[in-house]
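Chemist: Residue numbering for the sequence shown follows full-length UniProt numbering, beginning at 1 and increasing consecutively. Glycine included, every Cβ here is placed at the ideal spot set by N, Cα and C. The structure that follows is given in the form of structure tokens.
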Amino acid sequence: MNKKKARESRIINTDQVMSLDLNNYNTLFGGVLMRKLDNNATLSARRHARVKECVTASTDSIDFLHPIHQTDSVCIESFVSYTGKSSMEIFCKVIAEDMITGERRIAATAFLTFVALGEDKKPVDVPQVIPETEEEKFLYDTAKERAEVRKLRRMKSKELAAVISLDKPWDLKEEVYA
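The structure is reproduced here in structure tokens:
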């Protein structure tokens, strides 16, 4: 299987914060940022795998480190930090820049996992990733630990799904709540 450098999957997208993107605290809605992260990560995955479709398998975490204000620009950088057989871990960092002062800060970080799909909608093998920078090497070297945590979390989610109800609360008998 061929190999690709992490930088070959790098996607950088900078946008301004619009008033419609703000919550009642006048900071960027978390959901708006999540949509932007998923979009960026999808493009990194597709660029790495060179397939028509990549699907989100998981969002490990989105850690909101600093609020993003309307006076900020939002720069999202994503790239493939590790690969499995058909899966790709995508690292995303969010840099907020105050457009008045020029101050830049890491506003958020995130890890998402994508699976590359072939024309038949089945997973296909992806190239391995080659880290080059100190940041890329750190993420690569720590990826197996995140993969183990991800695997355990997925197992626990399946256990939970097996016991939670599909019943509509309004259809339950009163004795359930007694």
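Would threonine 83 be called buried (16 or more neighbouring beta carbons within 10 Å of its own) or exposed?
Modeler: On the sequence shown, residue 83 is found 83 positions in, with the first residue counted as 1. Buried, because 16 or more other Cβ atoms sit within 10 Å of the Cβ of threonine 83.
Chemist: For alanine 110, collect the residues of the same chain with a Cβ closer than 6 Å to its Cβ; drop the 5 residues on either side in sequence, then sort them by chain order.
Modeler: Here the question's residue 110 lines up with position 110 in the sequence shown. Same-chain partners within the cutoff: Leu37, Ile62 and Cys92.
Chemist: Could you tell me which residues DSSP pairs with residue 217 in its beta bridges?
Modeler: The question about residue 217 has no answer here: the residues shown for the chain are numbered 1 through 178.
Chemist: Expressed to the nearest angstrom, what Euclidean distance is found between the alpha-carbon atoms of glutamate 145 and isoleucine 90?
Modeler: In the sequence shown, residue 145 corresponds to position 145, counting from 1. In the sequence shown, residue 90 corresponds to position 90, counting from 1. Computed Cα separation, rounded: 15 Å.
Chemist: Can you give me the C-alpha to C-alpha distance between serine 157 and threonine 59, rounded to a whole angstrom?
Modeler: On the sequence shown, position 157 is the one that residue 157 refers to. On the sequence shown, position 59 is the one that residue 59 refers to. Straight-line Cα distance between these residues: approximately 13 Å.
Chemist: What are the residues that DSSP puts in a beta bridge with leucine 22?
Modeler: Translated into positions along the sequence shown, residue 22 becomes position 22. For leucine 22, which the question treats as bridged, DSSP gives the partners Leu28.
Chemist: Count the other CB atoms, across all protein chains shown, that sit within 10 Å of the CB of glutamate 132; report buried if there are 16 or more and exposed otherwise.
Modeler: For the purposes of this step, residue 132 is taken as residue 132 along the sequence shown, with counting starting at 1. Classification of glutamate 132: exposed, given that the 10 Å Cβ count is below 16.
Chemist: Should the segment 49–57 be called in touch with the segment 109–125, which here means at least 3 C-beta pairs below 8 Å?
Modeler: Verdict: yes, contact present.
Chemist: Between Gln70, Arg46, Ile106 and Ala41, which has its C-alpha nearest alanine 116's C-alpha?
Modeler: As a working note, residue 116 is residue 116 in the sequence shown. With distances taken between Cα atoms, alanine 116 lies closest to Arg46.
Chemist: Could you please give me the residues that DSSP links to alanine 96 through a beta bridge?
Modeler: Locating residue 96 in the sequence shown gives position 96, counting from the first residue. BP columns for alanine 96 point to Val74 and Arg105.
Chemist: Is the separation between the beta-carbon of alanine 143 and that of serine 81 shorter than 8 Å?
Modeler: Taking the sequence shown and counting its residues from 1, one reaches residue 143 at position 143. Taking the sequence shown and counting its residues from 1, one reaches residue 81 at position 81. Cβ distance < 8 Å, so alanine 143 and serine 81 count as in contact.
Chemist: Give a yes or no on whether the C-beta atoms belonging to cysteine 75 and isoleucine 95 are separated by under 8 Å.
Modeler: The sequence position of residue 75 within the sequence shown is 75, counting from 1. The sequence position of residue 95 within the sequence shown is 95, counting from 1. The answer is yes: Cβ separation under 8 Å.
Chemist: Between the Cα of alanine 77 and the Cα atoms of Asn2, Lys4, Thr42 and Ala147, which residue gives the shortest distance?
Modeler: For the purposes of this step, residue 77 is taken as residue 77 along the sequence shown, with counting starting at 1. A small correction: the amino acid at residue 77 is glutamate; alanine does not occupy that position in the sequence shown. Answer by Cα proximity: Thr42.
Chemist: Any idea if residue 179 is buried or exposed, counting beta-carbon neighbours within 10 angstroms, 16 or more meaning buried?
Modeler: Shown here, the chain extends from 1 to 178; a query on residue 179 therefore has no answer.
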